[in-house]
Amino acid sequence: MLLRALAFTLVLAAVACGPAPQKDPDLLPFPAAGPDAAPDPSKPGPYPVGVRTVIYEDTGRRKPDGGARQIVTEIWYPATQATRGGPGVDYDILSYFPPEQRAAIADAGTNFPLMHTDAVRDAEPAKSHGPFPVVVFSHGQAALRWQSTYYTVPLASHGYVVLAPDHEEGTLGDVVRNQLQNTAEGIVDRPADVLYLLNRLHHLRSDDFLVGLVDAERFGVTGHSFGGLTSLRVAAMDSRVKVIVPQAPTSTDIAWLGLADAGVGIPVMLQAAHEDKTLDWDTNAAIAWKALQRPRWLFDVTHGGHFTFSVLCELDLAALAKTAQFSIPGTNLDSVLNDGCGPTAPKAQVAEPLINHFAIGTFNAVLRNSPGSQALLDQAHADQLTPGVVQITADP
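Following the working numbering, the numbering of the sequence shown begins with 3 at its first residue and continues without gaps.
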């Protein structure tokens, strides 16, 4: 009896000293937004972020030289937890300039910082947690696809696949090459770029890395300036769009120009700045707000300007333009880039968490079915972040 008891004790000891249960290597540090979760949208979400650059060719649209329209697209996506702490991608605005202009800039001693992100190039996608909703980000006129990484990268971290195309003939590179298209052409081409991406997501090849990662039925659009116009226009053109967040857009009179059934009956978070000098409040944001249906929210940066919604203030494009000797037709870069970048506008470290709180919170509420996230979209939560910077009008 004593021997049997001793043997049993030894077995228990062996079990206790055996290998500990393995922790799931892809366990999230906290739940992503959902029916029972509403993480803080002003802070990074539970996923590390990966990024890839993909060049699509829309063979259905031909340029004057006969070539297919190219859509260079930055894709940020939720990555596995092993990605966390990996080397982040840096973006260099000088890459949009030809060698001779880069040399002139270097000779002038003008320093332009790299835009650092925590997104890791070609990281393994977190497909075990997918598929994820999709959001397309549309950049402003004469801007670039990574102009708002403060927003697009955190958005991906909350469980979204974010596609940001360069709208060919509407980028900073096109300004440098004197190939910037006019607004009328962009009103046609930009929505077509977004809808091309949406259609492509519905017909992925089996070897595409997005297979199993994207849920194209949960689709939203956001964008700044001309990109804000693009989001309004795409929403009016295609019922597959479920929610939009236009930032500093032009008026709906222009956004919906030529559309037979213009209007948006989906949730909209309209973000704008009351002191916008590029697209002034009264003839743009105010008109757009009146034209929108419920559910709708108005996010007003009371002392912000047009470029409060991008990282361009950090790059000092006016100095870059002077050194590289380029201009944007019809604009004065010194005055334009003080539109949201001047001393009276909120600093990036103040404005960006507010922008993200309400933009990402809106996508969480709609595309991730998170009622708790919708409850965060009010004045009280804006003032908890930084009082007196934004005015929220909620009309859910």
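C-beta atoms are modelled at their ideal positions from N, C-alpha and C, and glycine is treated no differently.
Given the structure is predicted, the values throughout are model-derived calculations rather than measurements.
Residue i, buried or exposed, once every other Cβ within 10 Å from all chains shown has been counted against 16
i      : result
GLY47  : buried
PRO100 : exposed
ILE95  : buried
VAL190 : exposed
GLY69  : exposed
ARG235 : buried
PRO23  : In this prediction, PRO23 scores a pLDDT of 48, lower than 50, which makes its location untrustworthy; the coordinate-derived value is nonetheless stated afterwards. The residue is exposed, with fewer than 16 neighbouring Cβ atoms inside 10 Å.
ASN286 : buried
ARG370 : buried
GLN386 : exposed
ALA110 : exposed
ASP278 : buried
ASP124 : exposed
GLY188 : buried
LEU174 : buried
PHE32  : exposed
ASN340 : buried
TYR73  : The sequence as given places Ile at residue 73; Tyr does not occur at that position. Looking at its Cβ environment, which holds 16 or more other Cβ atoms inside 10 Å, ILE73 is buried.
PRO135 : buried
SER208 : exposed
Own chain partners of residue i with C-beta closer than 6 Å, once the 5 adjacent residues on each side are dropped
i      : result
VAL270 : ILE246, LEU294, ARG298
TRP78  : VAL51, VAL53, ALA121, THR154, VAL155, ALA158, VAL164
THR55  : GLU76
TYR198 : ASP60
HIS169 : ARG192, ASP195
ARG296 : ASP397
ARG63  : ARG71
Beta-carbon separation (whole angstroms), residue i vs residue j, contact threshold 8 Å
i      : j      : result
PHE211 : PRO127 : 7 Å
MET117 : TYR93  : 4 Å
LEU272 : ILE256 : With a Cβ gap of about 15 Å, LEU272 and ILE256 do not count as contacting.
LEU378 : ALA40  : 6 Å
PRO355 : SER140 : Rounded, the Cβ-Cβ distance is 22 Å, inconsistent with contact.
SER372 : GLY87  : Contact flag wrong, Cβ pair sits at about 27 Å.
GLN376 : PHE311 : Not a contact, Cβ separation roughly 22 Å.
Nonlocal neighbours in the same chain, by C-beta distance under 7 Å from residue i, ignoring five residues either side
i      : result
SER130 : ASP28
LYS65  : ARG71
GLN393 : ASP302, THR304
ILE289 : SER253, THR254, ASP255
GLY132 : GLY214, LEU215
ALA218 : VAL136, LEU200, LEU203, HIS204
Proximity of residue i and residue j at Cβ, strictly below 8 Å
i      : j      : result
ALA166 : ARG147 : yes
LEU206 : VAL213 : yes
VAL391 : GLN149 : no
ALA34  : GLY161 : yes
THR119 : GLY142 : no
VAL196 : VAL138 : yes
ALA81  : TYR58  : no
THR224 : ALA361 : yes
LYS292 : ILE268 : no
Residues that DSSP places opposite residue i in a beta bridge
i      : result
VAL392 : VAL303
GLU59  : GLN72
GLY90  : VAL122
ARG64  : ALA70
ASP217 : PRO135
THR173 : ALA145
MET271 : TRP299
ILE77  : ARG54, LEU165
ALA39  : GLY36
ASP240 : The partner list for ASP240 (beta bridge, DSSP) is empty, contrary to what the question assumes.
HIS308 : Answer is none; HIS308 lacks a bridge partner.
THR224 : PHE139, VAL247
Any non-hydrogen atom of the ligand SAH within 7 Å of residue i CB
i     : result
PRO37 : Because no ligand of any kind appears in the structure shown, any question about the ligand SAH cannot be addressed here.
Own chain partners of residue i with C-beta closer than 8 Å, once the 5 adjacent residues on each side are dropped
i      : result
ALA382 : none
ASP263 : ALA238
GLY307 : ALA275, GLU277, ASP278, LYS279, THR280, ASN340, ASP341, GLY342, CYS343, GLY344, ALA347
GLU316 : PRO115, MET117, ALA350
PRO389 : none
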